[in-house]
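Comments concern the structure below.
Residue numbers (this note's numbering), protein chains in the order written: chain A, 1 to 302; chain B, 303 to 502.
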């Protein structure tokens, strides 16, 4: 017995052999129904319908989508902090972070914003720096005095090969660049994002300045048109958070201006969130809108 | 980034629940600080305290942003679960000593009451969060927040949106399933037809 799918299959097979489904217009439509003028050059829809049309292409957008923000309830910094402090109540204030997402109006291709920033009030305090520089040189001593946890050339490379990473940031002095290249550590350091390079400003001739910048400095980069960064700890006062936020925004704006004129970038939306809390779209003002709420109220211990 | 409308709806739903519900109350002026101590895990009667912290405390904190509310979670499951409320005399002018910040490793013990301060301790162990909240409310004489008509309307809207979302989701799921079924059937028929043609 033939199954239903077999029946269907034979149907489909037959369909392709059949004559055109629609009979010619001239044979079915009586002459008096046809238009009187230019009867010979009448065009029927049948002809175009039978022709295979190419599949409609989806429109490819060149910029990331941006939304109409007029419907969004945008709040001031203090109002957002009041809610976030309520959502995060009873959690350790140093491990809970305020996070900010800066949405840009930006093209999908082209350069992205990527930089490092030193916030006025450091958010992370667990940076351990390793420095690659000639062994026992004055440079190595200086780096050690500045607080580097691992200093050296071959000794440091050996540690890395053994899978021992006492540092979470690695910088390299230009005089040791050749030795670093020879050591072939890209496979080990690359996935951890610790391979020194000029692009990330970790290949440097001024170890002191780079270390100063690195300790308490945070990297940020634009992904899918959004720049994200942890800008504060839960225990920060509104003023501290505002200072950090302002510094970060100034940096992002400066970076946007530096970008090639062919690729325009502009600010779209700033969203403040926290580790467990919801995101609040900020309207740029600082003061609370509720009269009963004072700025000092948001400074209590968390 | 997620679209504005989607974000707005989710945010409004969360905010309206933090402004209203169990624990939404304004504390009297004489309460200077609140301290909770309970274990990190729920066994040994620490479920109620945890629920109180997760459900009632955010609402209390929203309505009383200036009052420090400190949670100390210990590793000792057999240990006590206590809620300490610090009352301060209006007459006392001395600043209260700084409070330790919240800790998940038992490092912020409840400090002894300062000068001009008295404490009320509520035992939370082996109790439900509703019972803890009730005792807290009667002890502190906190003023319960009653939602305004606008808030109530907003809550209804949010519920309605949620229900409508469920219906829509079900409809889309059915449509999608039918579409997939049809596609699979056609694909099978096509492959069988091709096989039949090849056999001829």
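All C-beta atoms, glycine included, are put in the ideal place defined by N, C-alpha and C.
To the nearest angstrom, how far is the alpha carbon of residue 364 (chain B) from that of residue 174 (chain A)? A direct Cα-to-Cα measurement between residue 364 (chain B) and residue 174 (chain A) gives close to 53 Å.
Of the residues A:111, A:107, A:122, A:54, the one placed nearest residue 258 (chain A), counting alpha carbons only: Ranking the options by Cα distance to residue 258 (chain A), first place goes to A:111.
According to DSSP, is residue 371 (chain B) part of a helix, a strand, or is it coil? Three-state DSSP puts residue 371 (chain B) in a strand.
Secondary structure of residue 461 (chain B), DSSP reduced to three states: Under the three-state reduction of DSSP, residue 461 (chain B) is assigned to helix.
Tell me the rounded alpha-carbon separation between residue 490 (chain B) and residue 474 (chain B). Going from the Cα of residue 490 (chain B) to the Cα of residue 474 (chain B) covers about 24 Å.
Would the stretch 288-299 of chain A count as touching the stretch 123-134 of chain A if we require 3 or more Cβ pairs under 8 Å? Taking one beta carbon from each stretch, the stretch 288-299 of chain A and the stretch 123-134 of chain A have fewer than 3 pairs nearer than 8 Å; the two do not touch.
Measuring CA to CA, which of A:113, A:230, A:138 is closest to residue 276 (chain A)? For residue 276 (chain A), the closest alpha carbon among the candidates A:113, A:230, A:138 is that of A:230.
Quick one, which of A:61, A:150, A:242 has its alpha-carbon nearest residue 211 (chain A)'s? Out of A:61, A:150, A:242, A:150 has the C-alpha closest to the C-alpha of residue 211 (chain A).
Do residue 80 (chain A) and residue 248 (chain A) have their C-beta atoms within less than 7 Å of each other? Their beta carbons are not under 7 Å apart, which means residue 80 (chain A) does not touch residue 248 (chain A) by this criterion.
Applying a beta-carbon distance threshold of less than 8 Å, which residues of chain A neighbour residue 363 (chain B)? Residues of chain A passing the Cβ test: 85, 86, 89.
Within 8 Å, do at least three Cβ pairs link the stretch 87-103 of chain A to the stretch 181-192 of chain A? Flag = no, the stretch 181-192 of chain A and the stretch 87-103 of chain A do not touch.
With a CB to CB cut of under 6 Å and the five nearest residues on each side skipped, what residues in its chain are close to residue 102 (chain A)? 227, 252, 270.
Taking 8 Å as the threshold, find out whether the stretch 185-203 of chain A comes into contact with the stretch 64-77 of chain A through three or more Cβ pairs. Remark: fewer than three beta-carbon pairs, one from each stretch, lie closer than 8 Å, so the stretch 185-203 of chain A and the stretch 64-77 of chain A are not flagged as touching.
Work out the CA separation of residue 205 (chain A) and residue 196 (chain A) for me, nearest whole Å. About 12 Å.
For residue 267 (chain A), which of A:199, A:256, A:260 has the nearest alpha-carbon? The option with the nearest alpha carbon to residue 267 (chain A) is A:256.
Residue(s) in a DSSP beta bridge with residue 162 (chain A): DSSP lists no partner for residue 162 (chain A).
Assess, as a yes-or-no matter, whether the stretch 326-340 of chain B is touched by the stretch 360-377 of chain B under the definition of 3 or more beta carbon pairs within less than 8 Å. Judged by Cβ distances under 8 Å, the stretch 360-377 of chain B makes contact with the stretch 326-340 of chain B, as three or more pairs qualify.
Give a yes or no on whether the minimum CB-CB distance between residue 301 (chain A) and chain B is below 7 Å. So, interface residue.
List the residues that DSSP assigns as beta-bridge partners of residue 115 (chain A). Beta bridge pairing from DSSP links residue 115 (chain A) with A:220.
Within 7 Å of any Cβ in chain A, is that where the Cβ of residue 438 (chain B) sits? Not closer than 7 Å to any Cβ of chain A, the Cβ of residue 438 (chain B) fails to qualify, so no.
What does the alpha-carbon distance come out to for the pair residue 84 (chain A) and residue 439 (chain B)? Each residue's CA atom was taken as its position, placing residue 84 (chain A) and residue 439 (chain B) some 24 Å apart.
I'd like to know if residue 404 (chain B) contacts chain A, where contact means its C-beta is closer than 7 Å to some C-beta of that chain. Chain A places a beta carbon closer than 7 Å to that of residue 404 (chain B), counting this residue as a contact.
Go to residue 228 (chain A), then tell me how far its beta strand (DSSP E) extends in each direction, as first and last residue. Bounds of the beta strand (DSSP E) holding residue 228 (chain A) are 226-233.
With a 10 Å radius around its C-beta and 16 neighbouring C-beta atoms as the bar for buried, classify residue 292 (chain A) as buried or exposed. When all chains shown are included, residue 292 (chain A) counts as exposed.
Give the DSSP-derived three-state secondary structure of residue 446 (chain B) in the structure shown. The DSSP-derived three-state label of residue 446 (chain B) is strand.
Can you give me the C-alpha to C-alpha distance between residue 73 (chain A) and residue 310 (chain B), rounded to a whole angstrom? Approximately 7 Å between the Cα atoms of the pair.
Just the C-alpha distance for residue 499 (chain B) and residue 487 (chain B), rounded to the nearest angstrom, thanks. Approximately 18 Å, taken between the alpha carbons.
Can you list, in chain order, the residues of the stretch 308-322 of chain B whose Cβ is nearer than 9 Å to any Cβ on chain A? Within the stretch 308-322 of chain B, the qualifying residues are 309, 310, 312, 313, 314, 316, 317, 320.
Select from the stretch 193-227 of chain A all residues with a C-beta closer than 7 Å to any C-beta belonging to chain B, and list them in chain order. Residues 226.
7 Å Cβ cutoff, residue 373 (chain B) in contact with chain A: Nearest CB-CB separation between residue 373 (chain B) and chain A: below the 7 Å threshold.
Residue 419 (chain B): buried (16+ other C-beta within 10 angstroms of its C-beta) or exposed? By the neighbour-count criterion, in which a residue is buried when 16 or more other Cβ atoms sit within 10 angstroms of its Cβ, residue 419 (chain B) is buried.
In the DSSP assignment, what are the bridge partners of residue 407 (chain B)? Assignment of beta-bridge partners to residue 407 (chain B) by DSSP yields no partner.
Cβ neighbour criterion (16 or more within 10 Å) applied to residue 284 (chain A): Burial is judged here by how many other beta carbons sit within 10 angstroms of a residue's own beta carbon; residue 284 (chain A) has fewer than 16 and is exposed.
Quick check: the Cα distance between residue 313 (chain B) and residue 156 (chain A), rounded to an integer number of angstroms? The C-alpha of residue 313 (chain B) lies about 49 Å from the C-alpha of residue 156 (chain A).
Between the CA atoms of residue 377 (chain B) and residue 416 (chain B) - distance to the nearest angstrom: Spanning the two alpha carbons is a distance of roughly 27 Å.
I need the straight-line Cα distance from residue 289 (chain A) to residue 219 (chain A), nearest angstrom please. Between residue 289 (chain A) and residue 219 (chain A), the C-alpha separation is close to 33 Å.
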